[in-house]
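Trainee: Anchor point for the sequence shown: position 108 equals 109 in our numbering, and the numbering is continuous, going up by one each time. Here it is, the structure in full.
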Amino acid sequence: MFSRSTAIRLQSMRRRIQCTLLLMLCGLTPYSVYADEVDDPLVIESSCEGVSPGKLERCMLVESGIRANLEGHYGEADIIWEKLRRLDPKDPVPDIWAAETAWWRLVLDDGMSSQDVLIQKATDRAIRLANAKLKIDDEDAVAVGAKGMALMMQARLNGLRGRYLAAGRAGEKGRVLLEQAVVLNPDRRETLFPLAVYYYYAGVAPSFVKWVSWLWFVPKGDRKKGLALLSELQAGQGPRADEARFMLMVVNTYHAPMNFSSALASGRLLHERYPENILFQSELVEVMLKEGLYEEAIETALALEAQAPSDSAARSRLMLARILRAQGTLLMGNSDQAEAILNSVDEEQALLPAWGGAWLHLVRAQLLDARGERQQALVEYAFVIDLKGPSYNERAALIAKAGMVSPFDPAEYRESPMIDIGPL
């Protein structure tokens, strides 16, 4: 069953598209149908407008599934992909979207190796189905694009798990196929988002290689082109626009030249549109802290702690929000209250991302530094740096390394970018 909000949106989308098709059949412009909604930031215009009636159900299912992902309703998305699969069991696209839902869960907690199996299984099946279609028509744009997206997902998974050679090979093959899919059908937007992300990250490979070294094997990136394409997608229609918006928010939050005001505007809009998306809310807290909006960050973190998501991956971010709330309290200069908040987090019992302990010890180190207990702080910083496997967090380690050099000072605290590649 869909949530009530999704059911209402689907019903509204059907009515709007039916009206649009009716107007088009009468030779009239459909745009006046949406005139009263253009300025509403909460309205997400459908990219299914103008789709032929025979393909309308498929398009609407894809949009509703992507939107369920953006809302953080991953179980709902799983149901939608299964419905899409039943429409055409030979279609590779449902498996692509099923893998993407697993990716959203993995982004929340990349220590969830259970998602690896789902991603690998879904993308393998998508490639098999795409290959079967390509044997019949080697210029089938949908099949070419689906195979390209599946290979890109496998590249990301292999890179995340340290299988760099396999990741590099899959990534380059995926890029070629996605570019081919765009040539075959320039109007097909699904392939543009993974291609934009590829261009950007491959374009920053020389600096990013310390974190994702498989990108050395896929050098044909273009940072400017990737950002331009993401900006174009963000300005477009359909829920893919908000995927691009979130990607740009991440870039502006963590990559030089950082643009916190832009990231904050994106974060506010995403949280307003998708208030139950735990990842968006968690990242919004991070941006607020970076912008020095400590009181608002604390309020947003408290609201996040009060959420009750059904998905275990999303629940792992609730206690992380408490750690971030402690950091915000510390940055406001209230070390006693920050300590009380940290002490309420039981590291052994709390549901945290696999790397959540790194942040607990990092903020504890900062607390000790703020109190002038330098030697104890150094022990905590070293602990964060020395973590291994899924418990290790690169960003926490970078901050800890800086803390080893200069004591934490709430009045002077500034994070360095994870990717420092200078201005465009």
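Glycine residues also receive a C-beta, built at the ideal position from the N, C-alpha and C atoms.
1) With DSSP run on the structure shown, which of helix, strand or coil describes H74?
2) Is it right to say G163 is buried, meaning 16 or more other beta carbons lie within 10 angstroms of its own, or is it exposed?
3) When the Cα of R106 is compared with those of L249, P354, V205 and Y275, which residue comes out closest?
4) Considering only the alpha carbon of each residue, which of A307, W82 and N70 lies closest to L62?
5) Is the Cβ-Cβ distance between L290 and A298 less than 8 Å?
6) Out of D111, G172 and A182, which one is the CA nearest neighbour of D138?
7) Would A339 pass as a contact of A327 if the rule is Cβ separation under 8 Å?
8) For a quick check, are the C-beta atoms of G204 and G222 less than 8 Å apart?
9) Am I right that W356 and S392 are in contact with their C-beta atoms under 8 Å? What's the rounded C-beta distance?
10) Would you please state the rounded distance, in angstroms, between the beta carbons of Y382 and A401? I believe it to be under 8 Å.
11) Between the C-alpha atoms of L343 and G334, what's the straight-line distance to the nearest angstrom?
12) Taking 7 Å as the limit between beta carbons, can you name the residues of its chain near R415, skipping five residues before and five after?
13) Write down the C-beta distance between L332 and Y295 rounded to the nearest angstrom, noting that I regard them as a contact closer than 8 Å.
14) Round the Cβ separation of R241 and I128 to the nearest angstrom and send it over; I've been treating them as touching at under 8 Å.
15) Near R190, what residues of its chain come up, given a Cβ to Cβ distance below 8 Å and the 5 sequence neighbours on each side ignored?
16) Tell me which residue opens and which closes the alpha helix (DSSP H) that D387 is part of.
17) Can you say whether V118 is buried or exposed, counting buried as having 16 or more other CB atoms within 10 angstroms of its CB?
18) Pop quiz: L135 and A142 are said to be a contact at Cβ under 8 Å. What is the actual Cβ separation, rounded to whole angstroms?
19) Whole-angstrom Cβ separation of Y201 and E72, contact assumed at under 8 Å?
20) Taking Cβ positions, are L85 and P95 nearer each other than 8 Å?
Mentor: Result, derived from the coordinates:
1) If you number the sequence shown from 1, residue 74 lands on position 73. Looking at H74 - three-state DSSP - the assignment turns out to be coil, as it is neither helix nor strand.
2) Against the sequence shown, residue 163 aligns to sequence position 162. With fewer than 16 Cβ atoms within 10 Å of its Cβ, G163 is classed as exposed.
3) Translated into positions along the sequence shown, residue 106 becomes position 105. With distances taken between CA atoms, R106 lies nearest to P354 out of L249, P354, V205 and Y275.
4) Residue 62 sits at position 61 when you count from the first residue of the sequence shown. Residue W82 holds the alpha-carbon nearest to the alpha-carbon of L62 among A307, W82 and N70.
5) As a position in the sequence shown, residue 290 is number 289, starting the count at 1. As a position in the sequence shown, residue 298 is number 297, starting the count at 1. Yes; because the gap between Cβ atoms is below 8 Å, this pair is in contact.
6) As a position in the sequence shown, residue 138 is number 137, starting the count at 1. It is A182.
7) Mapped onto the sequence shown, residue 339 falls at position 338. Mapped onto the sequence shown, residue 327 falls at position 326. It is a contact, given that the beta carbons lie within the stated cut-off.
8) In the sequence shown, the residue the question calls residue 204 occupies position 203. In the sequence shown, the residue the question calls residue 222 occupies position 221. Going by C-beta atoms, G204 is nearer than 8 Å to G222.
9) If you number the sequence shown from 1, residue 356 lands on position 355. If you number the sequence shown from 1, residue 392 lands on position 391. 6 Å between Cβ atoms; contact.
10) Here residue 382 refers to the residue found at position 381 of the sequence shown. Here residue 401 refers to the residue found at position 400 of the sequence shown. So it is a contact: roughly 4 Å between Cβ atoms.
11) Your numbering for residue 343 matches position 342 in the sequence shown. Your numbering for residue 334 matches position 333 in the sequence shown. Each residue's alpha carbon lies about 15 Å from the other.
12) Along the sequence shown, read from residue 1 onward, the residue named residue 415 stands at position 414. The beta carbon of R415 sits closer than 7 Å to none of the beta carbons in its chain outside the five residues before and after it.
13) As a working mapping, residue 332 is identified with position 331 in the sequence shown. As a working mapping, residue 295 is identified with position 294 in the sequence shown. With a Cβ gap of about 5 Å, L332 and Y295 count as contacting.
14) To locate residue 241, count along the sequence shown from 1; it is residue 240. To locate residue 128, count along the sequence shown from 1; it is residue 127. The C-beta distance from R241 to I128 rounds to 22 Å, too long to fall under 8 Å, and the pair is not in contact.
15) By 1-based counting over the sequence shown, the position of residue 190 is 189. Counting only Cβ-Cβ distances below 8 Å, and skipping sequence neighbours, we find S48, L234, G237, G239 and R241.
16) Start at 1 with the first residue of the sequence shown, and residue 387 comes out as number 386. Run containing D387: R375 to D387, per the alpha helix (DSSP H) assignment.
17) If you number the sequence shown from 1, residue 118 lands on position 117. Counting Cβ neighbours within 10 Å, V118 comes out exposed, since fewer than 16 surround it.
18) As a working note, residue 135 is residue 134 in the sequence shown. As a working note, residue 142 is residue 141 in the sequence shown. In fact, because the Cβ distance is near 11 Å, the residues do not count as touching under 8 Å.
19) Residue mapping note: residue 201 aligns to position 200 of the sequence shown, counting from 1. Residue mapping note: residue 72 aligns to position 71 of the sequence shown, counting from 1. Taking C-beta atoms under 8 Å as the contact rule, Y201 and E72 fail to qualify, at a distance of about 25 Å.
20) By one-based count along the sequence shown, residue 85 stands at place 84. By one-based count along the sequence shown, residue 95 stands at place 94. Yes, Cβ-Cβ distance for L85 and P95 is below 8 Å.
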